[in-house]
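J.: Residue numbers (the numbering used here), protein chains in the order written: chain A, 298 to 521; chain B, 298 to 521. Note that beta-carbon positions come from the ideal geometry of N, C-alpha and C, so glycine has one too.
2 protein chains.
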Amino acid sequence: MSQLEHRIWMDRALAQARLALRAGDVPVGAVVVHGGVVIAEAANQREVDQDPTAHAELLVLRRAAAVLGSWRLEGCALYVTLEPCTMCAGALVLARLPLLVYGAADPKAGAAGSLFNIVQDLRLNHRVEVVSGVLADDCGRLLTRFFQARRGGPRQDREQGGGPRQNKGQGGGPRQNKGQGEAPAKTGGRSPRRDPGEAPQWPSRVPDPTPVPFPPAVESHSPA
Amino acid sequence: MSQLEHRIWMDRALAQARLALRAGDVPVGAVVVHGGVVIAEAANQREVDQDPTAHAELLVLRRAAAVLGSWRLEGCALYVTLEPCTMCAGALVLARLPLLVYGAADPKAGAAGSLFNIVQDLRLNHRVEVVSGVLADDCGRLLTRFFQARRGGPRQDREQGGGPRQNKGQGGGPRQNKGQGEAPAKTGGRSPRRDPGEAPQWPSRVPDPTPVPFPPAVESHSPA
């Protein structure tokens with residue numbers, strides 16, 4: 298798929314993230330594309346549903362499986378505005394997802410290259426191809442706005458969206474990784490992730506003021 | 298909680314695993330205990346529901362959260378017959394689960410000490426206390442019987458239960474781990490997990506003929 302296509306589908310995921318924002322949930326959205334069309338969409342609904350598993354990725358996987366009538370999401374691509382956590386990354390492997398495209402990286406909890414690389418661990422029985430940084434600015438900005446608006450407000454836990462890292466106009470473009478090995482954790486991922494419910498740490502959970510570029514593209518999806 | 302209590306609740310999880318077996322799913326069951334009573338039960342339903350996320354642990358977490366009206370499972374213990382995978386281990390962390398008790402270890406996909414130790418990773422914002430090996434023989438035997446019955450049958454993917462390891466009468470008792478560090482992967486966990494849908498490997502997915510003892514108990518839940 299071309300970068301233009303990636304942006305089109307990520308824009309659909311962003312629309313879901315905005316729905317989450319309006320509902321008072323951390324703004325993360327996801328869509329599943331199959332055969333050139335969106336077959337499932339979901340917004341993060343943890344707070345609305347009071348369900349610890351209601352991340353956008355997990356919801357959209359379940360909806361896509363229901364549409365296809367199969368737990369194997371063959372031929373599907375999942376677009377999500379924030380790098381998946383360990384739960385969601387594990388679910389992508391279980392669903393045999395061929396392609397994951399995400400927007401903002403999450404150095405504090407991301408499991409698709411930041412803190413872990415579960416989606417490409419050689420010891421598991423499936424590897425997911427990953428494209429990252431697509432519309433990362435837009436994805437991260439939505440999260441930043443959410444956390445800034447809530448800063449100093451009533452106690453609220455902001456998981457799924459706690460630590461986005463924006464790719465602020467570095468021109469590095471999306472990072473593509475077709476490698477099969479376990480990616481080393483980024484430096485930013487080493488800091489312990491704090492539970493805001495126990496000790497509010499909002500300033501540490503919004504994107505760094507210093508722009509952090511994505512590594513240059515390693516390999517391209519579309520033939521040269 | 299005492300070992301007797303652990304066995305009582307694990308027996309309830311085993312009842313759920315048997316329900317999964319009858320429905321044609323990999324026999325894994327789970328219960329959530331809160332205030333001395335079971336507040337939620339679930340069996341693995343991946344095949345029945347054709348839902349890649351319908352592992353017993355994820356279903357029981359969602360049901361328990363619905364009962365409590367909160368995504369935070371404070372004061373809860375989750376009992377499951379097989380060591381959780383990466384998806385389920387990540388979900389336990391997200392739900393702030395205080396205690397996980399599991400039966401059979403899964404050296405090929407377990408994320409509570411075997412292949413990963415996501416539930417006790419210091420970089421994440423919550424650590425789960427783990428007790429393993431409770432009724433491990435019974436839990437593993439159910440899985441073994443399931444895979445043996447299916448061996449040579451029609452192609453079927455047997456995730457959530459692919460590689461149980463039985464604790465065959467070694468007298469080692471359950472292993473308890475209150476440590477906070479990342480546990481090293483067991484030797485058995487290094488072998489790549491094969492996708493049976495792509496290359497049937499049943500003999501490698503049933504428990505080793507050689508009994509593998511659990512390490513002796515490190516620390517006890519109940520005061521001496």
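Within 8 Å of any Cβ in chain B, is that where the Cβ of residue 336 of chain A sits?
T.: For residue 336 of chain A, the answer is no, since every Cβ of chain B falls outside 8 Å of its Cβ.
J.: Provide the residue(s) that pair with residue 331 of chain B in DSSP beta bridges, ordered along the chain.
T.: B:334 and B:373, per the DSSP bridge assignment.
J.: Does residue 522 of chain B have its Cβ less than 8 Å from a Cβ in chain A?
T.: Because chain B in this structure spans residues 298 to 521, residue 522 of chain B falls outside the shown range and cannot be described.
J.: Using a 10 Å radius around the Cβ and a threshold of 16 neighbouring Cβ atoms, would you call residue 575 of chain A buried or exposed?
T.: Any answer about residue 575 of chain A is impossible in this case: the structure gives chain A only from 298 up to 521.
J.: Which bits of chain B does residue 359 of chain A rub up against, with CB to CB less than 7 Å?
T.: Simply 348 and 350.
J.: Taking only beta-carbon atoms, is residue 339 of chain B less than 8 Å away from chain A?
T.: Closer than 8 Å: no.
J.: Tell me, please, which residues DSSP counts as bridged to residue 414 of chain A.
T.: DSSP, once it has assigned bridges, lists A:409 as partnering residue 414 of chain A.
J.: Any Cβ of chain A within less than 8 Å of the Cβ of residue 379 of chain B?
T.: Chain A, which has no Cβ nearer than 8 Å to the Cβ of residue 379 of chain B, makes this no.
J.: My assumption, with CB atoms under 8 Å, is that residue 400 of chain A sits in contact with residue 431 of chain A. Please give the rounded CB distance.
T.: That belief holds up - the Cβ atoms of residue 400 of chain A and residue 431 of chain A are roughly 6 Å apart, short of 8 Å.
J.: What does residue 299 of chain A pair with, by DSSP beta-bridge criteria?
T.: Paired residue(s): none; residue 299 of chain A is not in a bridge.
J.: For residue 424 of chain A, tell me which candidate among A:443, A:436 and A:389 has the shortest Cα-Cα distance.
T.: For residue 424 of chain A, the nearest C-alpha among the options comes from A:389.
J.: Would you mind stating whether residue 311 of chain A and residue 326 of chain A have Cβ atoms separated by less than 8 Å?
T.: Cβ distance < 8 Å, so residue 311 of chain A and residue 326 of chain A count as in contact.
J.: Along chain A, in chain order, which residues have C-beta atoms closer than 8 Å to that of residue 367 of chain B?
T.: 347, listed in chain order.
J.: Note down the Cα distance separating residue 440 of chain A from residue 347 of chain B, rounded to an integer number of angstroms.
T.: Roughly 33 Å separates the two Cα atoms.
J.: Count the other CB atoms, across all protein chains shown, that sit within 10 Å of the CB of residue 319 of chain A; report buried if there are 16 or more and exposed otherwise.
T.: Looking at its Cβ environment, which holds fewer than 16 other Cβ atoms inside 10 Å, residue 319 of chain A is exposed.
J.: For residue 419 of chain A, does the count of other Cβ atoms within 10 angstroms reach 16, so buried, or fall short, so exposed?
T.: It counts as exposed.
J.: From which residue to which residue does the beta strand (DSSP E) around residue 398 of chain A run?
T.: Residues 396–401.
J.: Between residue 424 of chain B and chain A, is the shortest Cβ-Cβ distance under 8 Å, so that the two count as touching?
T.: With 8 Å as the cut-off, residue 424 of chain B does not count as an interface residue toward chain A.
J.: Whole angstroms is fine: what's the gap from residue 409 of chain B's alpha carbon to residue 365 of chain A's?
T.: Each residue's Cα considered, the two are about 31 Å apart.
J.: With 8 Å as the threshold, decide whether the Cβ of residue 316 of chain A is near any Cβ in chain B.
T.: So no, residue 316 of chain A is outside the interface.
J.: Can you pull the chain B residues whose beta carbon is under 8 Å from the beta carbon of residue 387 of chain A, in chain order?
T.: By Cβ distance, chain B contributes 382, 383, 384, 385, 386, 387 and 408.
J.: Per DSSP, which residues does residue 339 of chain A bridge with? Please list them.
T.: Answer is A:327.
J.: Taking C-alpha atoms, which residue in B:428, B:359, B:343 and B:448 lies nearest to residue 523 of chain B?
T.: Residue 523 of chain B falls outside the range modelled here, since chain B spans only 298 to 521, and no answer is possible.
J.: Using the Cα positions of residue 548 of chain A and residue 370 of chain A, report the straight-line distance between them to the nearest angstrom.
T.: A question about residue 548 of chain A goes unanswered here, because the residues of chain A that appear run from 298 up to 521.
J.: Helix, strand or coil: how does DSSP classify residue 428 of chain A here?
T.: Strand.
J.: Please report whether the beta-carbon of residue 362 of chain A lies at a distance below 8 Å from any beta-carbon of chain B.
T.: Taking Cβ atoms only, chain B reaches closer than 8 Å to residue 362 of chain A, which makes this a yes.
J.: Comparing alpha-carbon positions, which option in A:417, A:351 and A:404 lies nearest residue 360 of chain B?
T.: Closest by alpha carbon: A:351.
J.: Grouping DSSP H, G and I as helix and E and B as strand, with all else coil, what is residue 421 of chain B?
T.: In this structure, residue 421 of chain B counts as coil in the three-state DSSP scheme.
J.: Does the Cβ of residue 448 of chain A have 16 or more other Cβ atoms within 10 Å, making it buried, or fewer, making it exposed?
T.: When all chains shown are included, residue 448 of chain A counts as exposed.
J.: Could you please give the first and the last residue of the uninterrupted alpha helix (DSSP H) stretch that includes residue 387 of chain B?
T.: Looking at the DSSP string, the run of the alpha helix (DSSP H) that includes residue 387 of chain B is 383–391.
J.: By how many angstroms is the C-alpha of residue 349 of chain A removed from the C-alpha of residue 391 of chain B?
T.: Roughly 6 Å separates the two Cα atoms.
J.: Relative to the alpha-carbon of residue 298 of chain A, which residue among A:330, A:387 and A:355 has its alpha-carbon at the smallest distance?
T.: Residue 298 of chain A has its Cα closest to that of A:330, out of A:330, A:387 and A:355.
J.: On the premise that residue 415 of chain B lies in contact with residue 374 of chain B, defined as a C-beta separation below 8 Å, what is that separation, rounded to the nearest angstrom?
T.: Not really, about 18 Å apart at Cβ, beyond 8 Å.
J.: How would you call residue 437 of chain A, buried or exposed, if buried means at least 16 neighbouring beta carbons within 10 angstroms?
T.: With 16 or more Cβ atoms within 10 Å of its Cβ, residue 437 of chain A is classed as buried.
J.: My output table needs one value for residue 469 of chain A: the three-state DSSP class, helix, strand or coil.
T.: Summary for residue 469 of chain A: the model assigns pLDDT 41, below 50, so the residue's position carries little reliability; its value from the coordinates is reported in the next sentence. It is coil, neither helix nor strand.
J.: Quick check on DSSP: helix, strand or coil for residue 350 of chain A?
T.: DSSP places residue 350 of chain A in coil when its eight states are reduced to three.
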